[in-house]
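Start counting at 1 in the sequence shown, then tack on 228, and there's your number in the numbering used here.
Presented below is the structure to which this report refers.
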Amino acid sequence: MINLKKNSQIQYLFVLFLSLSTLVSCGPKKFYNSEIKGKQVPVNSEYTANKEIEDFIKPYRIHIDKDLDSTLALAPVTFTKSKGKWQTNIGNLMADVTFEKADKLFYLRNKKHVDVCLLNHGGIRSTIPQGKVTARTGYEIMPFENSLIVVALKGEQILDIATYITSGKKPHPLTGMEIIIDKNKTIKKVTVQGKPIDKNKIYYVATSDYLSNGGDHMEFFKKGVSYHTMDYKLRNLYIDYFKEVDTLPVNLTKRIIVE
Numbered sequence: 229m230i231n232l233k234k235n236s237q238i239q240y241l242f243v244l245f246l247s248l249s250t251l252v253s254c255g256p257k258k259f260y261n262s263e264i265k266g267k268q269v270p271v272n273s274e275y276t277a278n279k280e281i282e283d284f285i286k287p288y289r290i291h292i293d294k295d296l297d298s299t300l301a302l303a304p305v306t307f308t309k310s311k312g313k314w315q316t317n318i319g320n321l322m323a324d325v326t327f328e329k330a331d332k333l334f335y336l337r338n339k340k341h342v343d344v345c346l347l348n349h350g351g352i353r354s355t356i357p358q359g360k361v362t363a364r365t366g367y368e369i370m371p372f373e374n375s376l377i378v379v380a381l382k383g384e385q386i387l388d389i390a391t392y393i394t395s396g397k398k399p400h401p402l403t404g405m406e407i408i409i410d411k412n413k414t415i416k417k418v419t420v421q422g423k424p425i426d427k428n429k430i431y432y433v434a435t436s437d438y439l440s441n442g443g444d445h446m447e448f449f450k451k452g453v454s455y456h457t458m459d460y461k462l463r464n465l466y467i468d469y470f471k472e473v474d475t476l477p478v479n480l481t482k483r484i485i486v487e
């Protein structure tokens with residue numbers, strides 16, 4: 229005997245399936261990128277000589293140049309990274325300024341002080357000529373989007389910093405730390421804030437996010453106990469400092485001392 233009720237249910241499900249299949253097949257088609265092509269367009273006289281383009285961007289250029297070229301402070305001497313074996317006047321300036329700003333911000337947020345500041349010699353991309361200091365100066369010495377970060381390191385990694393600097397023989401910007409070496413570049417003594425290194429103590433080192441990830445072969449930063457992002461571009465940090473002072477200080481204090 230044929231079960232009409234069961235057959236009706238089967239027919240209903242079959243019709244429903246066909247209806248849904250038809251709706252899906254008739255729906256909008258989805259498209260996906262299979263290839264992306266691009267080309268470089270040089271900004272040359274073909275564009276700069278175009279009066280319409282020039283007239284359009286001129287007001288913006290005038291406004292930006294005014295902001296970038298307004299005098300913020302004065303440099304009593306030329307700050308450069310090309311003079312100095314173990315430290316330079318621009319390296320000392322950038323390390324000291326970074327340390328000062330980082331310490332205030334870190335204490336405000338974490339109620340702890342920064343012990344050391346370490347940056348890299350290669351990260352300094354320009355000089356600060358004697359004379360007026362502007363926001364453009366900040367962009368020239370630090371054109372990258374590097375941000376301030378404070379890394380908690382054990383004393384053992386602080387000693388690694390000393391080894392890295394003395395073996396690399398580059399005047400990396402450094403403050404808060406003193407390294408005494410002999411004529412053969414053998415490390416004799418390392419202190420932080422005037423005190424000997426305690427291997428079990430946690431020290432807070434201000435640096436850039438690039439270096440904190442092991443940039444410039446600073447692998448010791450990868451052994452950090454903790455990382456504290458300050459949400460502060462180094463370039464903006466320097467520009468803010470320029471706005472706060474009349475004259476840039478010249479600090480020739482030695483951070484690496486040869487006995």
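Note that the Cβ used here is the ideal one computed from N, Cα and C, for glycine as well.
Being a predicted model, the structure only gives us computed values, none of them experimental.
Boundaries of the beta strand (DSSP E) around serine 454: 454-461.
Membership of methionine 405 in the beta strand (DSSP E) is indicated by the continuous run 405-409. For the options Ser395, Met458 and Ile290, the alpha carbon positioned closest to that of isoleucine 409 is the one of Ser395. Secondary structure note for lysine 382: its beta strand (DSSP E) is the uninterrupted segment 375-382. Judged by DSSP secondary structure, serine 440 falls within the alpha helix (DSSP H) whose first and last residues are 437-440. Assignment of lysine 311 by DSSP, reduced to helix, strand and coil, places it in the coil class. Taking C-beta atoms as the reference points, asparagine 479 and tyrosine 438 fail to come closer than 9 angstroms. The beta-carbon distance between leucine 302 and glycine 359, rounded to whole angstroms, is 7 angstroms. This is short enough to meet the 8 angstroms contact definition.
Under the three-state reduction of DSSP, valine 325 is assigned to helix. Taking a contact to require three or more Cβ pairs closer than 8 angstroms, the segment 370-390 and the segment 435-450 qualify as touching. Judged by DSSP secondary structure, isoleucine 484 falls within the beta strand (DSSP E) whose first and last residues are 484-486. Selection Leu462, Asp388, Ile425 and Asp459 evaluated against methionine 446 yields Asp388 as nearest (Cα-Cα).
Contact annotation: threonine 326 and leucine 347 have beta-carbon atoms nearer than 9 angstroms.
The beta carbon of lysine 309 lies closer than 8 angstroms to those of Thr316, Ile318, Gly319, His349, Ile352, Thr355 and Pro399 in the same chain, with the five residues before and after it left out. When DSSP reads this structure, proline 424 sits in a beta bridge with Thr419. The alpha carbon of alanine 323 has as its nearest neighbour, out of Arg337, Arg463, Asn338 and Asp474, the alpha carbon of Arg463. Alanine 301 is bridged by DSSP to Val361. DSSP lists no beta-bridge partner residue for valine 342. Across the structure, methionine 458 and lysine 340 are spaced so that their CA atoms are roughly 13 angstroms apart.
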